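Working notes, structure below.
There are 2 protein chains.
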Amino acid sequence: MSKKIYFTPGPSQLYFTVEEHIKNALKKNILSISHRSKTFKILYEECIENIKILFNLNKNYHIAFTSSANEIWERIIQNLIVKTSIHYVNGSFSKKFYDYTKMYNINSKIIESFNKPYNYNIEYSNEELIAITLNETSTGISCPNDKIIEARSKFKNSLIALDCVSGTPSIPFEIKNVDTFYFSVQKCFGLPSGLGVWIYNNECIDRCFDKINKKEIVGSYHSLIKLNELGKKNQTPETPNVFGIYLLKNVINDMLKKGIVNIINETNYKSKIIDFTIKNHPQISHLIKNEAIRSKTVKVANTNKKSNYLIDKLINQNLIIGKGYGNNDYQIRIANFPTHSKENIEMLCDIISRTEF
Amino acid sequence: MSKKIYFTPGPSQLYFTVEEHIKNALKKNILSISHRSKTFKILYEECIENIKILFNLNKNYHIAFTSSANEIWERIIQNLIVKTSIHYVNGSFSKKFYDYTKMYNINSKIIESFNKPYNYNIEYSNEELIAITLNETSTGISCPNDKIIEARSKFKNSLIALDCVSGTPSIPFEIKNVDTFYFSVQKCFGLPSGLGVWIYNNECIDRCFDKINKKEIVGSYHSLIKLNELGKKNQTPETPNVFGIYLLKNVINDMLKKGIVNIINETNYKSKIIDFTIKNHPQISHLIKNEAIRSKTVKVANTNKKSNYLIDKLINQNLIIGKGYGNNDYQIRIANFPTHSKENIEMLCDIISRTEF
């Protein structure tokens, strides 16, 4: 029997080199080394270096590790917002970030829109932080690059936070237009879950110090200041997910060898194949009609019968696609991540095309 | 060349079955399954069930997963303390928990003592939370069980929190005497770092609701209420460290098969061998002279020369022991965890006995 292939929106299929890296980690005792050892410091430094190369970061940007993107939402709230934020919401994940601000008594505002998600309201141009989502995993809506540029030009006094969870590195954007961006590794990076990567610039550090000077609470072991201070020494405040950091370092290395431009080009190519398949299947239709905002990495489609009929038929052929987010029984989600080869996607699409359900 | 053996206080030698479990996880695609899938819910339930059996928990106690013990300190502060706590401190880790309370503006008190660490001051018997450490990893001081019993009898109105990080399950204690206890998995459980286990009773949940009713902030995705609510459905708020949960489930299973009584007895036996070795080596001496509070799982000893001389000689024989905590160059730490067999410890002690440095 052939092996299962996961086209789920994350956790998803492991990047094709991960199994080999896990075996090497065991051989090299990576899971037993002290997080205060020189070996760990070198590993940490190499991982940070790879992330910097991947995103071509300048010296204004810094990197910290957390346990999830959920944690990064909370750390952004604790460290970068004193009173106000605006959240451009077009699905359950961007909504969740907004909900969390309310739990911290932030005077946050929500601008919810699915058809025209990034019509900025410059009335709010003095809010402390603007939250945008590069790729909303629940609905498959992307934020086009020109809308990120527009945000930067309209919100000159605000920090701009870009949620890149299921988008980066497959969907490019200009980093200079955002002050902080972040992702978890179980999406495009094809890694086991349990690690978040938070990138922030000097303006974020300044904001955190502002907040501290106002005698506000910024958290403890994972305050931005603490993370930043220890990060400079290639250290983390707590014993981190060493395994995750090791695997991330190695997978980014593999991606750099392949070339990010190639990954982006392949993403676009595979995206078109999936789009064509959804468009031409009599029982499936795109949730997002507007191609300009349709995600290239997470395709969400409506089904005219319960989607389980299709999902189960594919499972029988060892192809695992995602259900609709939450309790939506009439939707499917198909991930198009770097580990999914053209051949994988062509095979999946070929079988979907031939499947009535 | 023989394989390295890590006697470091954590991360440490992997439990001897972990490598096999990692291979099985890969075979079974555990790292690709959705955290909202039935497969994950079953895995979660089995892991929780194993923890309940391991500690013989009654229905008053519940379990949640975090990313580290550091995180649990923060969640305890956010969820279980409104204004006051007392911290019995006898090393760097218990001190750190106290420091974190200050970052959250808690009116906390510290009672620091190394020789007689658990002389309770009943003047403080109305503080909201009492923090005790079963096994302080930095100094190798344990809290004797009778001192936990005494705490319960003296602090009737307080929640008692027991830090079990490098102690459990090797050092037994009576759970009914504490309201919450917690550990990270890279110590006695011999697992990769990146997972914390938080056990709390109904009184903790009540305290959290009290705090919410007072309009206090209790955090967001990892508030106790949120963790507890999703835990009942065998779910986590965020995409958790699925790998860690899978490995923990399996290692506890292995430990249960071996028998916890056997693990405790072996710990005691190996502890005596290490004690004897330290006592009789002309260049090494116990940091903790009082046997009643000397840890059985983390032995800390002073060296009459820089400890590196000894550590390096052991490295040459593939035996890795720990440095002193922090910048202490004249100390060693030796872990005595369940994965360290009698033969391992005997070999290590034999070689230490014969080593001049």
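So the protein sequences, as listed, match chains A and B.
For the first sequence, the working numbering assigns the number 31 to the initial residue and increments by one for each residue that follows.
For the second sequence, the working numbering assigns the number 31 to the initial residue and increments by one for each residue that follows.
Where a beta carbon is used, it is the ideal one built from N, C-alpha and C, also for glycine.
Nothing here was measured: the structure is a model prediction, and the numbers come from that model.
Under the 9 Å criterion on CB atoms, residue 61 of chain B is classed as interfacial with respect to chain A. Not flagged as an interface residue toward chain A: residue 197 of chain B, since no C-beta distance is shorter than 9 Å.
Using a Cβ-Cβ cut-off of 8 Å, residue 273 of chain B is close to 222, 223, 224, 273 of chain A, given in chain order. The three-state reading of DSSP puts residue 193 of chain B in strand, counting E and B together. When DSSP states are grouped into helix, strand and coil, residue 76 of chain A belongs to the helix group. Residue 195 of chain B is classed as buried because its beta carbon has at least 16 other beta carbons within 10 Å across all chains shown. Residue-level contact by beta carbon holds for residue 216 of chain B and chain A, with a gap shorter than 9 Å. Taking a cut-off of 8 Å for Cβ pairs, the region 160–180 of chain B and the region 114–131 of chain B touch, as three or more such pairs fall below it.
In the DSSP assignment, residue 261 of chain A falls within the alpha helix (DSSP H) that extends over 254–261. For the region 305–328 of chain A, there are no residues whose beta carbon sits under 8 Å from a beta carbon of chain B. Partner residues in a beta bridge of residue 265 of chain A, as assigned by DSSP, do not exist.
Under the three-state reduction of DSSP output, residue 89 of chain B falls in the coil class, being neither helix nor strand. Residues 264 of the same chain have their beta carbon placed closer than 6 Å to that of residue 71 of chain A, with the five preceding and five following residues left out of the count. The beta-carbon of residue 252 of chain B is placed less than 9 Å from the nearest beta-carbon of chain A. Per DSSP, residue 136 of chain B lies in no alpha helix (DSSP H) segment and is marked neither H nor E.
Comparing alpha carbon positions, the residue from B:206, B:198, B:201, B:256 closest to residue 180 of chain B is B:206.
Under the 9 Å criterion on CB atoms, residue 301 of chain B is classed as non-interfacial with respect to chain A. For the set B:56, B:48, B:67, B:44, the Cα lying nearest the Cα of residue 355 of chain A is the one of B:67.
Using a CB distance cut-off of 9 Å, residue 101 of chain A counts as an interface residue toward chain B. For the options A:386, A:348, A:48, A:282, the alpha carbon positioned closest to that of residue 314 of chain A is the one of A:386.
Residue 126 of chain B has a beta carbon lying within less than 9 Å of a beta carbon in chain A. Excluding residues up to 5 positions away in sequence, 294 lie with their Cβ nearer than 7 Å to the Cβ of residue 202 of chain A in the same chain.
Between residue 209 of chain B and residue 234 of chain B, the C-beta gap is smaller than 9 Å, which places the two residues in contact. For residue 311 of chain B, no alpha helix (DSSP H) run applies, since DSSP gives it neither H nor E. Using a Cβ distance threshold of 9 Å, residue 367 of chain B and residue 226 of chain B do not count as a contacting pair. Annotation: the continuous alpha helix (DSSP H) that includes residue 272 of chain A extends over 272–288. For the region 149–163 of chain A, the set of residues with a beta-carbon nearer than 9 Å to any beta-carbon of chain B is empty. Counting only unbroken stretches of 3 or more residues, the beta strand (DSSP E) elements lying wholly within the region 198–223 of chain B are 210–214, in sequence order.
Within 10 angstroms of the beta-carbon of residue 132 of chain B lie fewer than 16 other beta-carbons, which makes it exposed. Going by beta carbons, residue 269 of chain A and residue 260 of chain A fall outside the 9 Å limit.
In this structure, the alpha-carbon of residue 93 of chain B lies about 15 Å from that of residue 103 of chain B. Within chain A, the C-beta atoms nearer than 7 Å to that of residue 34 of chain B come from 59, in chain order.
Within chain B, no C-beta atom comes nearer than 8 Å to that of residue 340 of chain A; the closest sits roughly 17 Å away. Around the beta carbon of residue 113 of chain B, a 10 Å sphere encloses fewer than 16 other beta carbons of the protein chains shown; the residue is thus reported as exposed.
For residue 104 of chain B, the chain A residues whose Cβ falls inside 9 Å of its Cβ are 249, 250, 251, 252, in order along the chain.
In the DSSP assignment, the residues bridged to residue 95 of chain B are B:227.
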